[in-house]
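Numbering (the working numbering), first residue to last: 741 to 923. This report refers to the structure that appears directly beneath it.
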């Protein structure tokens, strides 16, 4: 008979020391003050997935997105709907998140100039406006046709989408200091 109570794990001196050091630093054990209420108040851009799953954090008034007015439920539906390769739908997800982030963030990172990437020297507001223009010229997201190209009206939508994606997920990758670069 064997003793299988520890699943074969045999602690070494090194693993015990590492566990002790990690515990002393609060790593790996989940400190409620850091992972709970304090983290929720950090002024960071949120991802399209966050906005899709947290409609209670949206502004109360309906939004006008790329020239089209719709209810919050309508825009949330777009965030929840899989894009299935539709370039306009992919752009729309990042665009909606950027609009919501720009309306709710209090930090100065929304008006700061981008330091890295294709749109270096622009603000995220300017990039968002260019993405809105791109969306208006595709119009496929409004009439149900699938947008198969990133190019519309002489604009490369993929670079716009990538910049909005970087802002929504990791503003530090654009050189923007939103105070949450370690998330």
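All C-beta atoms in this analysis are idealised placements derived from N, C-alpha and C, irrespective of residue type, glycine included. Since this is a predicted model, take the numbers as computed values, not measurements.
Proximity test, residue i beta-carbon vs the ligand NAP heavy atom, cut-off 7 Å
{"i": "residue 886", "result": "As presented, the structure is devoid of all ligands, the ligand NAP included, so that no description of it is given."}
Span separating the alpha-carbon of residue i from that of residue j
{"i": "residue 832", "j": "residue 910", "result": "18 Å"}
{"i": "residue 908", "j": "residue 850", "result": "11 Å"}
{"i": "residue 864", "j": "residue 918", "result": "12 Å"}
{"i": "residue 853", "j": "residue 902", "result": "16 Å"}
{"i": "residue 788", "j": "residue 830", "result": "10 Å"}
{"i": "residue 841", "j": "residue 804", "result": "14 Å"}
{"i": "residue 836", "j": "residue 824", "result": "18 Å"}
{"i": "residue 814", "j": "residue 889", "result": "25 Å"}
{"i": "residue 906", "j": "residue 914", "result": "7 Å"}
{"i": "residue 791", "j": "residue 916", "result": "21 Å"}
{"i": "residue 776", "j": "residue 857", "result": "Any reading at residue 776 is ruled out, since the residue's pLDDT is 39, under 50, leaving its predicted position unreliable."}
Of the listed residues the options, nearest to residue i (C-alpha basis)
{"i": "residue 784", "options": "875, 870, 846", "result": "846"}
{"i": "residue 895", "options": "916, 813, 859", "result": "859"}
{"i": "residue 816", "options": "844, 795, 898", "result": "795"}
Strand pairing of residue i, partner residues [DSSP]
{"i": "residue 896", "result": "891"}
{"i": "residue 804", "result": "809"}
Cβ distance (whole Å) where residue i is taken to contact residue j below 8 Å
{"i": "residue 900", "j": "residue 828", "result": "The pair is not a contact, with the Cβ atoms about 12 Å apart (cut-off 8 Å)."}
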